[in-house]
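>
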Amino acid sequence: MRAADALMEALKAEGVEHIFGIPGGANLPIYDAVHDADLDHIQARHEQGAGHMAEGYAKASGRVGVAFATSGPGATNLITPIADAMLDSVPTVFITGQVRTDLIGTDGFQEADVNGITMPIVKHSFMVQDPRHIPDYIHEAFHIASTGRPGPVLVDVPQDLSRADIEYEPITDTPNLPGYKPSTEGNIKQIRIAARALANAQRPIIYAGGGVINGNASEELRELCASDNFPVTCTLMGLGGFRASDEQWLGMLGMHGTRTANYAMDNADLIVNIGARFDDRITGKLSEFAPRAKFVHIDIDPAEISKNVPAHIPIVGDVKEVLPKLVKEYRASQADSSRLDAWWEQLHAWQQEYPLGYEDSDDSEIKPQKMIQAMFAATEGDAIITSDVGQHQMWAAQYYGFDKPRRWINSGGLGTMGFGLPSAIGAKVAQPDETVVCLAGDGSLIMTCQELATAVRHEIPVKVFLMNNGYFGMVRQWQELFWDGRYSSVEMGPSPDWPKLAEAFGARGMMVDDKNEVEGAMRDALTSEGPVLLDVRVTKEENCYPMIPAGAAARDMVG
Amino acid sequence: MEAGTPDLINLEDLDAAAGALTGRKHVVSILVENRPGVLARIAGLFSRRGFNIDTLAVGPTEDPEISRITLTVDGAVHPIDQVTKQLHKLVNVIKIRDMEPGETIAREMALFKVSAPIESRAEIMQFAEIFRAKIVDVSRRSLTIEVTGSADKIEAFERMIRPHGLIEMVRTGEIAIARSKSDN
Chain A
1 MRAADALMEA
11 LKAEGVEHIF
21 GIPGGANLPI
31 YDAVHDADLD
41 HIQARHEQGA
51 GHMAEGYAKA
61 SGRVGVAFAT
71 SGPGATNLIT
81 PIADAMLDSV
91 PTVFITGQVR
101 TDLIGTDGFQ
111 EADVNGITMP
121 IVKHSFMVQD
131 PRHIPDYIHE
141 AFHIASTGRP
151 GPVLVDVPQD
161 LSRADIEYEP
171 ITDTPNLPGY
181 KPSTEGNIKQ
191 IRIAARALAN
201 AQRPIIYAGG
211 GVINGNASEE
221 LRELCASDNF
231 PVTCTLMGLG
241 GFRASDEQWL
251 GMLGMHGTRT
261 ANYAMDNADL
271 IVNIGARFDD
281 RITGKLSEFA
291 PRAKFVHIDI
301 DPAEISKNVP
311 AHIPIVGDVK
321 EVLPKLVKEY
331 RASQADSSRL
341 DAWWEQLHAW
351 QQEYPLGYED
361 SDDSEIKPQK
371 MIQAMFAATE
381 GDAIITSDVG
391 QHQMWAAQYY
401 GFDKPRRWIN
411 SGGLGTMGFG
421 LPSAIGAKVA
431 QPDETVVCLA
441 GDGSLIMTCQ
451 ELATAVRHEI
461 PVKVFLMNNG
471 YFGMVRQWQE
481 LFWDGRYSSV
491 EMGPSPDWPK
501 LAEAFGARGM
511 MVDDKNEVEG
521 AMRDALTSEG
531 PVLLDVRVTK
541 EENCYPMIPA
551 GAAARDMVG
Chain B
560 MEAGTPDLIN
570 LEDLDAAAGA
580 LTGRKHVVSI
590 LVENRPGVLA
600 RIAGLFSRRG
610 FNIDTLAVGP
620 TEDPEISRIT
630 LTVDGAVHPI
640 DQVTKQLHKL
650 VNVIKIRDME
660 PGETIAREMA
670 LFKVSAPIES
680 RAEIMQFAEI
690 FRAKIVDVSR
700 RSLTIEVTGS
710 ADKIEAFERM
720 IRPHGLIEMV
730 RTGEIAIARS
740 KSDN
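Those protein sequence lines, which keep their order, are chains A and B. With this note's numbering, the residue at position 224 of the first sequence is 224, and numbering never jumps. In this note's numbering, each number is its position in the second sequence, counted from 1, plus 559.
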C-alpha cells in the first residue's frame with residue numbers, strides 16, 4: 001500500500017472523521033490519498049485557520065483535532081496554532097509535508113525545518129525517515145496528544161516517503177513508549193492529607209482550571225464541591241467546569257476576575273488547585289499572592305507542581321481519578337460544615353459590595369457588556385461560544401455564565417487574536433447540532449476573516465457576533481490607564497464594511513447599533529441558515545473592569 | 560489560623576525542597592532513546608527554560624537502543640526539581656537520575672597543551688606525576704598532558720600548570736556512575 005494511503009488508514013483507525021488543511025507540493029501524495037479516504041476534509045484558506053479549526057474541534061469534542069499543511073510556508077503558517085495548542089493543552093496532531101529526502105538540508109524549494117522550528121512548542125514530534133514507520137508514528141502521535149497532559153504532536157512526512165510502497169497492518173495495542181508513562185491515579189496518602197487539610201480549613205477555596213475541562217471531570221468537581229459548602233472559582237480556561245449559576249460560584253479569578261474571587265484567594269487559608277497552573281494572570285505579583293494560604297495542587301503534569309507556587313500537598317494525577325478519591329476521604333472526615341459560615345459571611349459581603357457591573361448608556365448606544373448579556377439571552381445561555389482575544393473575551397468570561405464544559409472555547413495561554421472564527425468552524429464540525437457563536441473583536445477578526453470562505457464553501461453555519469469598537473481595545477485600555485493615554489497604533493481607522501465583507505464571501509451580513517435591537521438581531525442571525533456575520537457597534541472607549549494591574553497583588557484591584 | 564493538622568504544618572518543609580535552589584553542583588544522568596534529535600530536544604529545553612548546562616557528555620550505553628547523557632547543572636542558580644521534571648516530559652527521555660554526591664563516582668578527562676621549554680619541563684613533568692597524569696605528546700616547545708579524575712582534580716591541575724603557559728585545554732565534561740551498594 002502507498003504510504004500516504006496507509007497514513008489515511010492509520011488516521012481512520014484512530015477514529016478520525018474530519019481533517020482541516022490545505023494542499024501543496026510536498027503533501028501532494030497525502031492529498032491524493034485524501035481523495036479516496038472517505039474522510040471529511042475541510043479546506044481552510046490559510047494554514048493558521050486549519051490549525052485553529054483543529055483546536056476548536058478538539059476543544060468542543062475532547063477528541064484529537066487533525067490539520068494538514070504542506071512544507072515550508074504551509075508548515076510555518078501552522079506555528080501559531082501549534083504554540084496555541086501547547087499552551088492550552090489541546091489534543092492535536094499536525095501532519096506536514098516535507099520536501100523529498102534528497103532535498104532535505106539543501107534549502108530546497110519550500111523547505112523549512114519545521115521539526116526544528118516547532119521543537120519548543122510541541123508535546124512531541126516525529127520526522128519520518130522510514131516510510132514503514134508512518135502508521136506507528138500516527139498511532140504514537142495520537143496516544144501522546146490525547147493522554148496525560150494533552151498537547152500538539154507534529155508528524156513531518158517527506159514527499160518521496162509518502163509515495164513509498166509499504167505493508168500496512170492496523171495497530172491496536174497501546175504504543176510502547178519507554179519514556180512516556182503519565183501517572184494518573186494520584187498518591188492516596190497525599191489525597192488523604194489533602195482531605196484532612198480541607199476538613200481543617202476555615203477559609204478554603206477551590207481553584208479549578210482547564211484540567212477539569214480537558215480531563216472531562218466537571219461532574220467529579222461538582223461532587224467535590226457538593227461534599228461541603230466550598231466556594232469555587234475557575235480560571236479563564238476552566239469556565240464551564242463548574243456551573244456559573246451555582247450558589248457556590250464566586251466567578252472567574254485573575255486579572256479580570258471578580259473581586260470576590262480574587263479577595264477570596266488573597267484571604268484563603270487553603271487553596272485547592274485542580275488542574276490549573278498559577279499562571280501570572282492569576283497570581284499577579286507572585287510574592288504577594290495568597291499570603292495566608294497553604295496549597296494543594298492536583299495536576300497530571302508533575303512539572304506544573306511547584307513551578308510557580310510551591311505546593312504543600314502535591315498530587316500528581318488525572319483529576320477525574322483523583323477527585324472521587326478526595327471526595328471519599330473528605331466525606332469520611334465528617335467535617336463540620338458550619339466552620340465555613342464565617343467565611344461565607346465574608347464572601348457574601350464582598351459579593352454584595354463588589355458585584356460585576358457597568359453603567360448602561362442613557363441613549364441607544366450599545367455597551368459591550370450589554371452585548372454579552374444580549375448574547376446570553378439570545379442563545380439562552382446554551383451555545384458554544386468561541387472567542388478572539390481582548391476585551392470582548394474578558395467581558396464574555398465575566399458576563400456569559402457558562403454552566404457546562406466545552407462551551408467556552410478561547411485562546412487563554414497564547415492569547416491568539418484571530419482564534420475565534422476558525423475555532424468556531426472546527427467546533428461546529430465537531431458539534432453540528434449545537435449553536436456555535438464566534439464572539440469576535442474587530443482587531444482580531446480581520447486577522448483570520450478569510451475563513452468565512454471556508455464556512456461558506458463547506459456550509460458550516462457559524463454565527464459571528466462582532467464586537468466592533470474600532471480599536472485594539474485591550475491595548476487601548478492599557479495605553480489609556482498605564483501609558484498616559486498616549487494612543488499608539490491602536491485605532492483601527494478605516495475598517496472594512498463588515499456586512500458587505502460577509503456578503504462578498506457569500507455569507508449573510510448584518511449590522512446593529514441600537515441597544516434595543518441587539519438581542520433581536522442576534523436571534524435573527526441564529527435562526528437564519530448558513531454563516532452570518534453580525535456587526536455590533538459598541539461603545540468605542542469602554543474599559544474592562546475590574547482588573548489587577550500588571551505586577552500588582554489581587555487586593556489591589558482597580559475599577 | 561493555619562489550615563490543617565500538625566503534620567500538615569510539618570509539610571512546610573516542602574517549601575524549601577520544592578522549586579528551591581540547592582546551592583551545589585548537580586550531576587544529572589539521563590537515559591534517552593537513541594533517536595534522531597534527542598540531544599536537540601534536551602539542549603532546546605534547557606535554553607528555553609533559561610537553564611544553563613555547565614558540562615555535557617553523550618555516549619552509548621550497554622544497550623544500543625539507549626544513550627546516556629550526563630550533564631552538570633549549577634543548583635545554586637537553577638531549581639533542579641524543575642529541571643528534572645521538565646526533562647521527564649520529553650517523550651524520548653527514559654530515566655533521569657540526579658546523582659547523589661556521596662554515592663557517585665564522577666570522572667572527567669582533560670587534555671592540556673602546555674608551553675614547556677627545557678628549563679621548566681622537569682617541573683611540569685613532576686606536576687603531571689603528582690596528579691597521575693600522562694604525557695601523551697611532546698614537542699620542542701610544548702607538552703600535551705592527559706588528566707583523568709574529578710572536576711576538582713582537573714581544576715587543581717589547571718591552576719598548577721597555568722603559570723607555565725597554558726596553550727590549549729580540552730575537557731570532556733563529567734560522566735558519572737553510582738557506587739554499588741555494599742553487600743552486607
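Every residue gets a Cβ at the ideal spot worked out from N, C-alpha and C, and that includes glycine.
Does DSSP classify residue 350 (chain A) as helix, strand or coil?
Here residue 350 (chain A) sits in helix by DSSP.
> Tell me the DSSP bridge mates of residue 68 (chain A)?
DSSP, once it has assigned bridges, lists A:21 and A:95 as partnering residue 68 (chain A).
> Check the Cβ-Cβ distances between residue 593 (chain A) and every residue of chain B, and say whether any is below 9 Å.
It is not possible to answer for residue 593 (chain A), since the shown part of chain A is limited to 1 through 559.
> Looking at the secondary structure, which residues open and close the beta strand (DSSP E) in which residue 154 (chain A) lies?
It spans 152-158 - the beta strand (DSSP E) in which residue 154 (chain A) sits, taken as one unbroken run.
> Can you round the beta-carbon distance between residue 253 (chain A) and residue 244 (chain A) to whole angstroms, since I take them to be within the 8 Å contact cut?
Rounded, the Cβ-Cβ distance is 13 Å, inconsistent with contact.
> Measure the Cβ-Cβ separation of residue 394 (chain A) and residue 234 (chain A) and say whether it is below 9 Å.
Not in contact: residue 394 (chain A) and residue 234 (chain A) (Cβ atoms no closer than 9 Å).
> On the three-state DSSP scale, how would you describe residue 481 (chain A)?
Of the three classes helix, strand and coil, the one that applies to residue 481 (chain A) here is helix, per DSSP.
> Residues of chain A with a CB under 8 Å from the CB of residue 595 (chain B): which are they?
Per Cβ cutoff of 8 Å: 127 and 129.
> Our contact map puts residue 20 (chain A) next to residue 401 (chain A) with C-beta atoms below 8 Å; I'd like the distance itself, whole angstroms only.
No, residue 20 (chain A) and residue 401 (chain A) are not in contact; Cβ-Cβ is about 30 Å, not under 8 Å.
> Output, in chain order, the set of chain B residues within a Cβ distance shorter than 8 Å of residue 115 (chain A).
Neighbours of residue 115 (chain A) on chain B, chain order: 596.
> Can you list, in chain order, the residues of its chain with a C-beta nearer than 6 Å to that of residue 668 (chain B)? Leave out the 5 residues immediately preceding and following it.
Within the same chain, residue 668 (chain B) has close Cβ partners 707 and 731.
> Hey, which unbroken runs of the alpha helix (DSSP H) at 4 residues or more fall wholly within the stretch 673-704 of chain B?
If we require 4 residues or more, the alpha helix (DSSP H) runs fully inside the stretch 673-704 of chain B come out as 677-689.
> Can you give me the C-alpha to C-alpha distance between residue 329 (chain A) and residue 191 (chain A), rounded to a whole angstrom?
Each residue's alpha carbon lies about 8 Å from the other.
> For the stretch 300-307 of chain A and the stretch 264-280 of chain A, state whether three or more C-beta atom pairs, one from each stretch, are separated by less than 8 Å.
The stretch 300-307 of chain A, when compared against the stretch 264-280 of chain A, does touch it at the 8 Å Cβ threshold.
> Does the beta carbon of residue 603 (chain B) sit closer than 9 Å to a beta carbon anywhere in chain A?
So, interface residue.
> Kindly indicate if chain B contains any beta-carbon less than 9 Å away from that of residue 134 (chain A).
With 9 Å as the cut-off, residue 134 (chain A) does not count as an interface residue toward chain B.
> For residue 206 (chain A) and chain B, any beta-carbon pair shorter than 9 Å?
Cβ-Cβ to chain B under 9 Å: no for residue 206 (chain A).
> List, in chain order, every chain A residue whose beta-carbon is nearer than 8 Å to that of residue 652 (chain B).
Those are 179, listed as they occur along chain A.
> Tell me residue 471 (chain A)'s beta-bridge partners as DSSP assigns them.
In the DSSP output, where bridge partners are listed per residue, residue 471 (chain A) has A:491.
> Based on the DSSP output, what are the partners of residue 729 (chain B) in its beta bridges?
Answer is B:670, bridged to residue 729 (chain B).
> Where in the stretch 249-336 of chain A do unbroken runs of the beta strand (DSSP E), each at least 3 residues long, occur, reported from the N-terminal end onward?
Counting only runs of 3 or more, we get 249-252, 270-274, 294-299 and 313-316.
> Compare the C-alpha of residue 202 (chain A) against each of A:371, A:267 and A:482 and name the closest.
Closest option to residue 202 (chain A), Cα to Cα, is A:267.
> Specify, as a first and last residue, the run of the beta strand (DSSP E) that residue 41 (chain A) falls within.
From DSSP, the beta strand (DSSP E) with residue 41 (chain A) extends over 40-43.
> Have a look at A:538, A:432 and A:468 and flag the residue whose alpha-carbon is nearest the alpha-carbon of residue 363 (chain A).
The shortest Cα separation from residue 363 (chain A) among A:538, A:432 and A:468 belongs to A:538.
> Would you mind telling me which residues of chain A sit closer than 9 Å to residue 657 (chain B), beta carbon to beta carbon, in chain order?
By Cβ distance, chain A contributes nothing, its closest Cβ being about 14 Å from residue 657 (chain B), past 9 Å.
> Please compile the residues from chain B whose C-beta is within a distance smaller than 9 Å of the C-beta of residue 144 (chain A).
Going along chain B in sequence order, the residues near residue 144 (chain A) (Cβ under 9 Å) are 650.
> Give the straight-line distance between the Cα atoms of residue 145 (chain A) and residue 151 (chain A), rounded to the nearest whole angstrom.
Residue 145 (chain A) and residue 151 (chain A): Cα-Cα distance of roughly 5 Å.
> Please compile the residues from chain A whose C-beta is within a distance smaller than 9 Å of the C-beta of residue 647 (chain B).
Residues of chain A passing the Cβ test: 179, 302 and 303.
> Ignore the nearest five residues each way along the sequence and tell me which others in residue 546 (chain A)'s own chain have a CB closer than 6 Å to its CB.
Correct list, in chain order: 259, 557 and 559.
> Under 9 Å, do residue 94 (chain A) and residue 82 (chain A) count as touching if we go by C-beta distance?
It is a contact, given that the beta carbons lie within the stated cut-off.
> For residue 78 (chain A), I'd like the list of residues in its chain whose CB is within less than 6 Å of its CB, leaving aside the five on either flank, ordered along the chain.
Excluding positions up to five away in sequence, the list reads 47, 51, 69 and 94.
> Could I get the ranges of all uninterrupted alpha helix (DSSP H) runs contained in the stretch 601-675 of chain B, with 4 residues as the minimum, in chain order?
Counting only runs of 4 or more, we get 639-647.
> Does residue 61 (chain A) come within less than 9 Å of chain B when only Cβ atoms are used?
Output row for residue 61 (chain A): interface = no.
> Over what stretch of residues does the beta strand (DSSP E) that includes residue 208 (chain A) continue unbroken?
It spans 204-208 - the beta strand (DSSP E) in which residue 208 (chain A) sits, taken as one unbroken run.
> Determine the closest residue to residue 619 (chain B) out of B:590, B:585 and B:651, with distance taken between C-alpha atoms.
Closest by alpha carbon: B:590.
> Along chain B, in chain order, which residues have C-beta atoms closer than 7 Å to that of residue 561 (chain A)?
The question about residue 561 (chain A) has no answer, for chain A in this structure spans 1 to 559.
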